[in-house]
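**Student:** In the working numbering, each residue carries its 1-based index in the sequence shown increased by 82.
We put the CB at the ideal spot given by N, CA and C, even for glycine.
Computed from a predicted structure; not experimentally measured.
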Amino acid sequence: MTDPSLAARITRSPRIYHRERAQDAAALLPDLAPDLREMISAAASTAPYLMALLEKEAAWLGEAVENPEAALAANCAAAAEFAPDRLADGLRQGKRRMALLTALADLGGAWSLEEVTGALTDYADAACGAALRAGLAAQIKRGKLPGMTMDDLADCAGMVVFAMGKMGARELNYSSDIDLICVFDESRFAPDDFHAARSAFVKATRAMSGTLNDITAQGYVFRTDLRLRPDPAVTPVCIAMEAAERYYESLGRTWERAAYIKARPAVGDIAAGEAFLQSLRPFVWRRHLDFAAIQDAHDMRLAIREHKGLGGPITLPGHDMKLGRGGIREIEFFTQTRQLIAGGRDAELRPRGTLAGLQVLAEKNWVPKEVAETLGDHYRAHRTVEHRLQMVQDAQTHTLPRNDADFERLAAMMDMDVNDLQADLHSRLQAVHDLIESFFAATREEPEAARPAHQFDRSVLDRWPSYPALRSERGADIFGRLQPLLLDRLAQSAKPDEGLLAFDGFLAGLPAGVQLFSLLRANPQLGDLLVDIVATSPALAAHLSRNSGVFDAVIGGDFFSDWPGQTKLTEMLQQHLAAEADYELRLDGTRRWAREWHFRVGVHLLRGLIDAATAGRQYAELAQAVLQALWPVVVDQFASRHGPPPGRGAVILGMGSLGAGRLTPTSDLDMLVIYDAAGVDSSDGPKPLATRSYYARLTQAMITAMTAPMAQGKLYDIDMRLRPSGNQGPVATSLASFESYQKEQAWVWEHLALTRARVIAGAEDLGRDVEALQAEILSRAAPRDKVLGEVAKMRQRIAAARSPAGPLDAKTGAGRLQDIELFAQAGALIGGTGAREIDAGLAAARGENVIGAQAEAALSSAYTNAWTLNCAARLLSANPIDARTMGQAGASFLCRVLACDDLAALEAKMQGDYATAAQTIDAALPEPGREGA
83 MTDPSLAARI TRSPRIYHRE RAQDAAALLP DLAPDLREMI SAAASTAPYL
133 MALLEKEAAW LGEAVENPEA ALAANCAAAA EFAPDRLADG LRQGKRRMAL
183 LTALADLGGA WSLEEVTGAL TDYADAACGA ALRAGLAAQI KRGKLPGMTM
233 DDLADCAGMV VFAMGKMGAR ELNYSSDIDL ICVFDESRFA PDDFHAARSA
283 FVKATRAMSG TLNDITAQGY VFRTDLRLRP DPAVTPVCIA MEAAERYYES
333 LGRTWERAAY IKARPAVGDI AAGEAFLQSL RPFVWRRHLD FAAIQDAHDM
383 RLAIREHKGL GGPITLPGHD MKLGRGGIRE IEFFTQTRQL IAGGRDAELR
433 PRGTLAGLQV LAEKNWVPKE VAETLGDHYR AHRTVEHRLQ MVQDAQTHTL
483 PRNDADFERL AAMMDMDVND LQADLHSRLQ AVHDLIESFF AATREEPEAA
533 RPAHQFDRSV LDRWPSYPAL RSERGADIFG RLQPLLLDRL AQSAKPDEGL
583 LAFDGFLAGL PAGVQLFSLL RANPQLGDLL VDIVATSPAL AAHLSRNSGV
633 FDAVIGGDFF SDWPGQTKLT EMLQQHLAAE ADYELRLDGT RRWAREWHFR
683 VGVHLLRGLI DAATAGRQYA ELAQAVLQAL WPVVVDQFAS RHGPPPGRGA
733 VILGMGSLGA GRLTPTSDLD MLVIYDAAGV DSSDGPKPLA TRSYYARLTQ
783 AMITAMTAPM AQGKLYDIDM RLRPSGNQGP VATSLASFES YQKEQAWVWE
833 HLALTRARVI AGAEDLGRDV EALQAEILSR AAPRDKVLGE VAKMRQRIAA
883 ARSPAGPLDA KTGAGRLQDI ELFAQAGALI GGTGAREIDA GLAAARGENV
933 IGAQAEAALS SAYTNAWTLN CAARLLSANP IDARTMGQAG ASFLCRVLAC
983 DDLAALEAKM QGDYATAAQT IDAALPEPGR EGA
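1. Would you call Ala192 buried or exposed, if buried means 16 or more other Cβ atoms sit within 10 Å of its Cβ?
2. Would you list the residues sitting across from Ile734 in a DSSP beta bridge?
3. Just how far apart, CA to CA, sit Tyr996 and Ala960?
4. Measure the C-alpha to C-alpha separation of Asp752 and Leu797 and round it to an integer number of angstroms.
5. Please classify Ala272: does DSSP put it in a helix, a strand, or coil?
6. Let me make sure I understand the geometry here. Which of Ala922, Ser816, Leu667, Cys158 has the alpha-carbon closest to that of Ala213?
7. I'd like to know whether the C-beta atoms of Trp713 and Met802 end up nearer to each other than 8 Å.
8. Arg545 by DSSP, collapsed to three states: which one?
9. Please return the same chain residues whose Cβ sits closer than 8 Å to the Cβ of Asn295, not counting the five positions on each side in sequence.
10. Write down the C-beta distance between Cys320 and Phe358 rounded to the nearest angstrom, noting that I regard them as a contact closer than 8 Å.
11. DSSP three-state call for Pro450: helix, strand or coil?
12. Alpha carbon to alpha carbon, how far is His469 from Thr184? Give it in angstroms, no decimals.
13. Counting only runs of 4+ residues fully inside the region 316-351, write out the alpha helix (DSSP H) ranges in chain order.
14. Under 8 Å, do Val932 and Gly844 count as touching if we go by C-beta distance?
15. Using three-state DSSP, classify Ile963 as helix, strand or coil.
16. Check this for me: beta carbons of Ala89 and Leu118, under 8 Å apart or not?
17. Looking at the secondary structure, which residues open and close the beta strand (DSSP E) in which Thr815 lies?
18. Between Leu235 and chain B, is the shortest Cβ-Cβ distance under 8 Å, so that the two count as touching?
19. Buried or exposed, going by whether 16 or more other CB atoms sit within 10 Å of the CB of Ala1006?
20. Candidates Arg774, Asp763, Gln993: which alpha carbon is nearest Ala948's?
21. Between Ser332, Met230, Lys404, Ala986, which has its C-alpha nearest Leu254's C-alpha?
22. Rounded to whole angstroms, what is the Cα-Cα separation between Gln827 and Leu958?
23. Select from Gly557, Ala987, Leu582 the residue whose C-alpha is nearest the C-alpha of Leu1017.
24. When the Cα atoms are used, what is the spatial distance from Leu202 to Tyr329?
25. Could you give the residue range of the beta strand (DSSP E) that holds Ile263?
26. Does the Cβ-Cβ distance between Met737 and Leu817 come in under 8 Å?
27. Express the C-alpha separation of Ala981 and Ile692 in angstroms, rounding to a whole number.
28. I'd like the ranges of any alpha helix (DSSP H) spanning at least 4 consecutive residues and lying wholly in the region 662-708.
29. Are the beta-carbon atoms belonging to Thr481 and Gly408 less than 8 Å from one another?
30. What are the partner residues of Ala429, as DSSP defines its beta bridges?
31. Please report the straight-line C-alpha distance between Val242 and Pro318, rounded to a whole angstrom.
32. Can you give me the start and stop residues for the alpha helix (DSSP H) that Asp876 sits inside?
33. Please classify His277 as buried or exposed, where buried requires at least 16 other C-beta atoms within 10 Å of its C-beta.
34. Return helix, strand or coil for Met232, following the three-state DSSP convention.
35. How is the beta strand (DSSP E) around Met53 delimited, first residue to last?
36. Less than 6 Å between C-beta atoms, sequence neighbours within five positions excluded: which residues of the same chain meet that for Ile98?
Quick look at the structure:
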């Protein structure tokens, strides 16, 4: 077993600085092992405060050094056992013991920095808890806390003490004051008792602060600062949670957001404290990447320097190791700023400790690994020096010595040569300053002026200040620095004036700009992407102006990684929704999440990273993931009022392009809901419903969840016209009714649609039965002549109802997308099989001798081109593309995806495909109005 004693773990020792004091210290410890006695006496020789502690606690120390951890744990536990008349002196004695043993474990190299700061923090927690409970006990005994008894002291009657700053992060330094915010859960009291309860909590808080803070003959416990609470000039020292939450929601500032990174419920009703922190999560951790926090943090750095007079070059005498250049606060600001930028999107970026924060930022690629390691090493070194400065006189100082004698003392404490120590200090401070300054400077560098080679229309530029995104002083200032960079990008495009007008449209539709402009300044590479999007795809640009937060995903680390696939997407969304407790937040969260992935697919297609076929599959997998993750959320919400789904539940059957697994950027979702009541007449819940009404209303709830225009917009449009009896039928169909209808009443076109159907979400066993029924219905090979005759009539009706808008309208018209899909479905139906892939349907048509191999290949090629054009065109606009008004960038994009030199060649290629496909289908079908080939 490892020896737990301090003597066995000594790895270093201070040098003797004051020999007479060292001898006096050694005389107090005659029974200790020689090496341990020498280390302790040397330590005492460097620090009068440690010598004073040793004189008072030598007897206790003789036993404590045998197992320091156990001794300090017992010391913390004793804090809770003091009688009221012994509390103040008892806590001060405990502080002396903790301070002495912790200093020796630190100076002797037995403990790491984290162990040292952890021991200091543990005692602060214990002392706060003991002092607060004593203050509350006095109020309860006097009947001042309505309804509370001594039993309620366990959770402090609903009061919570939040440890802030270093105490919250378990990073207390050797002579820290402790920053506390005290709140209470007002919901534990009747409204009429609120003021009495608040008064009692205020008195208990003051009593706690006095017990800890007051200087007596025995010293003090901890200097206590309660000024981090909301608006401390006018608010009491303990406030209601609801009042605090309202303050942060409406008036909270960036420095308060940064402060709450380290906030920890240390004493009292810990569960209520955690719930309070959860309620503040939207304030502290913004949902979007918050690059505006960089400027706020920089402003705070400059304000501190100016206020403290800490500017200028680094000179060691009197340099502030905490607030000065290259100091501890610089590293903390760096870490917290990066956490604030991305912590809203990634909960793993929210550790309270500085070192833990640097580590996870490096793991998540928000900070280069070597930078995190370097700053972590300097942070440890800085904190080590800070502790030794404070051990000398128990002073809350961070200032390096101003004279040679005190530098000699510091060097002795660290067992270093004075010159080596000074060189090391200067090197570390300068390295930290250079690293941190480069980080902040990178976000403030002025971009190069726009190239003078192109003169943009001044009337367009002059109207920009009137746009909503530029009306705030801050938004206008950031954009003013960003504008030359963006104009430079536009000047390099093929059609700068077209690009300017496209960007003008984007900017006009942007409701606010600070966050996006800050993001673009901090990540200049995004300017290229923005210009590319607005110049090429008006639809994607309009979406981006309304939802600029999707840009977060571009620099989130995974934007250009491999597509995760439908199963992983579903798991990711389920995890995302599990973190949201409220139903509406889940619906909004789904919209936000889906929008980012939808944007990713569009950008990948726009940039040529994937082809249209891959984009179509990814859009479909995204939609399926949304349905699979959201359906159980809607069911649970509905069941909370009306009970669980009666019978075997329901499934969502994807139809059309959703069933086929191929969607465009603007596709709606064709689907229907099938349920099996299994003989159950009604649900069993607070408000039971008849089975038919239950599933009809559940389906409507799902439609609303998908289509409602919430704060984050809508997810998808839903089309349920393919259900039995169309719009005249119920929105949810029982399995028995579906089977009966499909076998006895369905029209040919409904069986054609069934060839592409696929169960998307819902009860697995029911889903298997639905797919088995689908296979059974389709296996009854339909009469060839009847199917082909009906298809011929359908083509005639479609042609009469809608004509194509031009050669770039690849969807509707003879020989175009829907025409080939309809024919392929006919082939599948005649062949008695489901064929979700068009090529499979065409193969079935060839297998039934409806077409030959050459015709199959021609139709397959024409369909591939039509699909590619339709998918790409929908990325540019939800409306049909007009070649006469399309911009150069959009035209180039369409030509690239279809491998054509120019728009004329593209139109000629598509016209040829349409003609070939139409002729092929015409030849295979009978003339409308008669059956038979």
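**Tutor:** In this structure, then:
1. buried
2. Val755, Ala843
3. 21 Å
4. 14 Å
5. coil
6. Cys158
7. no
8. coil
9. Tyr302, Val303, Phe304, Arg305, Thr306
10. The Cβ separation is near 13 Å, so there is no contact.
11. coil
12. 11 Å
13. 323-333, 336-343
14. no
15. coil
16. yes
17. 814-816
18. No chain B is part of this structure, which consists of one protein chain only.
19. buried
20. Gln993
21. Lys404
22. 41 Å
23. In the structure as shown, the chain starts at 83 and stops at 1015, and residue 1017 therefore has no counterpart that could be examined.
24. 32 Å
25. 260-266
26. no
27. 14 Å
28. 665-688
29. no
30. Partner(s): none; Ala429 has no beta bridge.
31. 15 Å
32. Just to set this straight, residue 876 is Met in the shown sequence, not Asp. Where Met876 is concerned, the enclosing alpha helix (DSSP H) stretches over 866-883.
33. exposed
34. helix
35. With the chain covering only 83 through 1015, there is no way to say anything about residue 53.
36. Ala104, Ala124, Ser127
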